[in-house]
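Q:
Residue numbers (this note's numbering): 3 to 364.
#1: Starting from residue 266, trace the alpha helix (DSSP H) both ways and give me its first and last residue.
#2: From which residue to which residue does the alpha helix (DSSP H) around residue 233 run?
#3: Put residue 198 into one of helix, strand or coil per three-state DSSP.
#4: Among 335, 116, 188, 279, whose alpha-carbon lies nearest the alpha-carbon of residue 162?
#5: Starting from residue 96, trace the beta strand (DSSP E) in both directions and tell me its first and last residue.
#6: Which same chain residues, not among the five before or five after residue 6, have their C-beta less than 8 Å away from its C-beta?
#7: Report the option in 257, 146, 16 whose CA atom is closest to the CA atom of residue 35.
#8: Tell me where the alpha helix (DSSP H) around residue 350 begins and ends.
#9: Out of 220, 148, 308, point me to the one whose CA is closest to residue 120's CA.
#10: Within the region 54-123, note down every full beta strand (DSSP E) run reaching 3 residues or more, in order along the chain.
#11: What are the boundary residues of the alpha helix (DSSP H) that residue 31 is part of?
#12: On a CA-only basis, which of 37, 153, 180, 211 is nearest residue 289? Give me that one, please.
#13: Within a Cβ cutoff of 8 Å, which residues of the same chain sit near residue 109, ignoring the five residues on either side of it in sequence?
#14: Per DSSP, which residues does residue 126 bridge with? Please list them.
#15: Starting from residue 147, follow the beta strand (DSSP E) in both directions and report where the run begins and ends.
#16: Within this structure, are the beta carbons of residue 297 and residue 204 separated by less than 9 Å?
#17: So residue 13 is in the beta strand (DSSP E); what residue range does that whole segment cover?
#18: Less than 8 Å between the CB atoms is what I'm expecting for residue 168 and residue 189, so what's the real figure, rounded?
#19: Which residues in the same chain have their Cβ closer than 6 Å to the Cβ of residue 284, if we skip the five residues on either side of it in sequence?
#20: Using a Cβ-Cβ cutoff of less than 8 Å, which residues in the same chain neighbour residue 219 once the five nearest sequence positions on both sides are dropped?
#21: Just how far apart, CA to CA, sit residue 253 and residue 328?
#22: Closest by CA to residue 373, which one among 133, 93, 12, 68?
#23: Which residue marks the beginning of the beta strand (DSSP E) containing residue 173, and which one marks its end?
#24: Quick check: the Cα distance between residue 186 and residue 125, rounded to an integer number of angstroms?
#25: How many angstroms separate the CA atom of residue 294 from the CA atom of residue 316?
#26: Let me check understanding here. Comparing Cα to Cα, which of 192, 159, 156 lies closest to residue 144?
#27: In angstroms, rounded to a whole number, what distance separates the CA positions of residue 72 and residue 98?
#28: Anyone know if the C-beta pair for residue 270 and residue 309 falls short of 9 Å?
#29: Measuring only the C-alpha atoms, how far is residue 224 from residue 280?
#30: Residues in the same chain with beta-carbon distance under 7 Å from residue 140, minus the five sequence neighbours each way, listed in chain order, please.
#31: For residue 133 versus residue 103, is the C-beta distance shorter than 9 Å?
#32: Check whether the Cβ atoms of residue 60 and residue 18 lie closer than 9 Å to each other.
#33: Output the boundary residues of the beta strand (DSSP E) element that contains residue 155.
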């Protein structure tokens, strides 16, 4: 049985409509009835399919993005790193956030300044500031990366699971955003936060290895959240082109219009094949390290196709693309954000080139 068995599209649409415009956590809990966020509850391919159906029903893109990021960028990779007694942290009942980026940047993790100092009883004390953290204002748990050695080596970072209700955790004001606005973003300030030994993920000095695993999962599958909205927009654009009268004929009779719509269909098809293919490879047990280049290429291709798709839709919708509630309102900022989330595309190109054997530097 897959997660989609017994879940009808009309039921999904009812759930989405019932919480439209509600605050983040209300939508999160409602959407969880469609997409179980416990990695033990469904296969990877079924979860990707459920996320696509949720987006096609009109679910808030920002919330779908947050769910996809948590499920594939945190829950699935962490399940292999945590003991069974810790799996309750990643079953979807708690909102998680990935606290890597600092105000000085996030693409160079070895430059981070957040530090973890060991205590005599095996605990650690974390101090530092993490910025631009998706879901930080509403999360209960964070995967925090901190420096545990002064040297700039692959073993100088360690990953910690941090309870965000712990003393010494402070959340700054939510950032005003222009893309994926339904999920909040903010800052985590850590002032001597005590972390228990059992909340060290993967062991001291393995932070970069943990980061590599979570990043590969996220790059390979994050854009699953875009597939449903792309389907929804394509259907609306086709219906518009069939019915719209222009210059004494229906808009869809124009070869130029037909070509643009065919390009949209091609972008959606290519994106579905790539994301679903990555899901199947993860489900088959291929290692994150072995999938690093394929994940980077998938993220590059799908994010660029998503933006090109949105631009085509905006061109066909005309002024209606920039007016709310027309049925053709275009979202260009959300797809543009995909070019930088889970790693800027330019740096991913460098990574791919390096994987091909080129001696290229960042």
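All C-beta atoms in this analysis are idealised placements derived from N, C-alpha and C, irrespective of residue type, glycine included.
A: Result, derived from the coordinates:
#1: 257-285
#2: 226-245
#3: coil
#4: 116
#5: That residue, residue 96, is in no beta strand (DSSP E); it is neither H nor E in DSSP.
#6: In this predicted model, residue 6 has a pLDDT of only 45, less than 50, meaning its place in the structure is not dependable enough to derive any value.
#7: 16
#8: 347-357
#9: 148
#10: Correct list: 98-101, 117-120.
#11: Element bounds for residue 31: 26-33.
#12: 211
#13: 345, 346, 349, 364
#14: 120, 197
#15: 143-149
#16: The beta carbons of residue 297 and residue 204 sit no closer together than 9 Å.
#17: That residue, residue 13, is in no beta strand (DSSP E); its alpha helix (DSSP H) goes 11-20.
#18: That belief does not hold up - the Cβ atoms of residue 168 and residue 189 are roughly 16 Å apart, past 8 Å.
#19: Excluding positions up to five away in sequence, the list reads 46.
#20: 74, 75, 78, 79, 284, 290, 297
#21: 17 Å
#22: In this structure the chain extends from 3 to 364, so residue 373 is not present and cannot be described.
#23: 171-173
#24: 31 Å
#25: Cα-Cα distance, rounded: 33 Å.
#26: 192
#27: 6 Å
#28: no
#29: Those two C-alpha atoms are separated by around 11 Å.
#30: 26, 27, 97, 186
#31: Yes. Within cutoff.
#32: yes
#33: Careful: residue 155 lies outside any beta strand (DSSP E) and carries neither H nor E.
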